[in-house]
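Under the working numbering, the residues of the sequence shown are numbered 2 to 200, in order.
C-beta atoms are modelled at their ideal positions from N, C-alpha and C, and glycine is treated no differently.
Working notes for the structure below.
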Amino acid sequence: MSRITIRKIRKVYLSFSIIMGFVSPLICLYLFPEFDPRKHPVSYFGILQNTSLIFTCSLVIFSIAIFWNGTTVIKKVIKTPKYSIWLRWILTFSSICLFFTGVINMNFGPFHHIPALFFFLSYNFFVFLFGIFRSISYVRKGLFSVLTGSLMLLSSLLLIPFPSYGVAELVYIFFILLWNIIMWLQKKSVLIQFDNRIS
Numbered sequence: 002m003s004r005i006t007i008r009k010i011r012k013v014y015l016s017f018s019i020i021m022g023f024v025s026p027l028i029c030l031y032l033f034p035e036f037d038p039r040k041h042p043v044s045y046f047g048i049l050q051n052t053s054l055i056f057t058c059s060l061v062i063f064s065i066a067i068f069w070n071g072t073t074v075i076k077k078v079i080k081t082p083k084y085s086i087w088l089r090w091i092l093t094f095s096s097i098c099l100f101f102t103g104v105i106n107m108n109f110g111p112f113h114h115i116p117a118l119f120f121f122l123s124y125n126f127f128v129f130l131f132g133i134f135r136s137i138s139y140v141r142k143g144l145f146s147v148l149t150g151s152l153m154l155l156s157s158l159l160l161i162p163f164p165s166y167g168v169a170e171l172v173y174i175f176f177i178l179l180w181n182i183i184m185w186l187q188k189k190s191v192l193i194q195f196d197n198r199i200s
């Protein structure tokens with residue numbers, strides 16, 4: 002398979018994943034309008050009969066998407082091998098955790114909560130660390146990732162005023178979507194500049 006074909010497949014898949022990031026929550030809310038993030042965690046959709054399939058499929062799709070997008074951004078932006086290796090390992094671990102968070106629902110107790118917790122901790126650490134390494138070359142661009150990673154971690158403070166962690170999860174998901182969309186757009190501009198230099 003040629004590099005151009007792989008790039009097209011990646012572009013279609015990531016575009017589809019971004020759309021799913023907005024559409025799947027709306028579908029879940031339509032199927033379960035009683036959902037209240039102050040009382041229910043987002044993973045609650047995974048144990049409801051009418052939303053479990055789309056919830057599970059969405060998390061599996063997202064786990065692949067954040068890995069694919071992240072590895073591509075690392076390859077294009079982080080040029081120091083020792084930095085990129087660390088980032089790849091953390092990203093791989095967090096993507097696997099998200100995959101198991103979707104496949105194993107809340108009914109399995111700690112088998113769901115442990116990968117969910119590790120995803121929360123590892124992915125925002127990945128974003129923060131990416132920003133630190135990025136700041137070595139481009140301070141302003143790296144600062145965005147550092148700030149986003151910090152805000153992702155601070156979203157856990159929303160566990161204090163609410164009995165459920167649904168609100169914190171939604172804020173965390175928002176930052177995941179924001180960071181990946183921004184990185185995807187920046188990556189496209191990097192690729193365009195690279196192609197222009199070659200031509």
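Apart from the five residues just before and just after residue i, which ones in its own chain have a Cβ nearer than 7 Å to its Cβ?
| i | result |
| --- | --- |
| F101 | P116 |
| N108 | I48 |
| V168 | P38, R39, L159 |
| N197 | Bear in mind that a pLDDT of 42 at N197, under 50, signals an unreliable position, so the model cannot answer this. |
| T72 | R89, L92 |
| F195 | In this predicted model, F195 has a pLDDT of only 40, less than 50, meaning its place in the structure is not dependable; the value taken from the coordinates is given anyway. Excluding residues within five positions, none has a Cβ falling inside 7 Å. |
| W1 | Residue 1 lies beyond the stretch modelled for the chain, which goes from 2 to 200, so this question has no answer here. |
Less than 9 Å between the beta carbons of residue i and residue j, yes or no?
| i | j | result |
| --- | --- | --- |
| W87 | L130 | yes |
| S18 | I75 | no |
| P42 | S165 | yes |
| L60 | L99 | yes |
| S64 | G103 | yes |
For residue i and residue j, I'd like the C-alpha separation in whole angstroms.
| i | j | result |
| --- | --- | --- |
| P82 | I91 | 14 Å |
| I161 | S146 | 25 Å |
| Y84 | S95 | 17 Å |
| I97 | E35 | 30 Å |
| N51 | H113 | 20 Å |
| W180 | V78 | 15 Å |
| G22 | R141 | 27 Å |
| D6 | V13 | The residue asked about is misnamed: residue 6 is Thr in this sequence, not Asp. For T6 and V13, the distance between alpha carbons rounds to 11 Å. |
| K9 | G110 | 39 Å |
Starting from the Cα of residue i, find the closest Cα among the options and give me that residue.
| i | options | result |
| --- | --- | --- |
| N106 | L144, S59, Y45, L148 | Y45 |
| R11 | N51, N70, G22 | N70 |
| I182 | G103, L60, I67, K9 | I67 |
| F121 | F175, T6, F134, Y14 | F175 |
| K80 | E170, V24, F134 | F134 |
I'd like the list of long-range same chain contacts for residue i, defined as Cβ closer than 6 Å, with 5 residues on each side in sequence excluded.
| i | result |
| --- | --- |
| Y173 | M153, S156 |
Please work out which residues of its chain come closer than 8 Å, Cβ to Cβ, to residue i, disregarding the five sequence neighbours upstream and downstream, and give them in chain order.
| i | result |
| --- | --- |
| G132 | G143, L144, F145, S146, V147, L148, T149, G150 |
Should the region 121-130 be called in touch with the region 142-152, which here means at least 3 C-beta pairs below 8 Å? yes
Inter-stretch contact at 8 Å, needing at least 3 Cβ pairs: the region 16-29 / the region 52-60: yes
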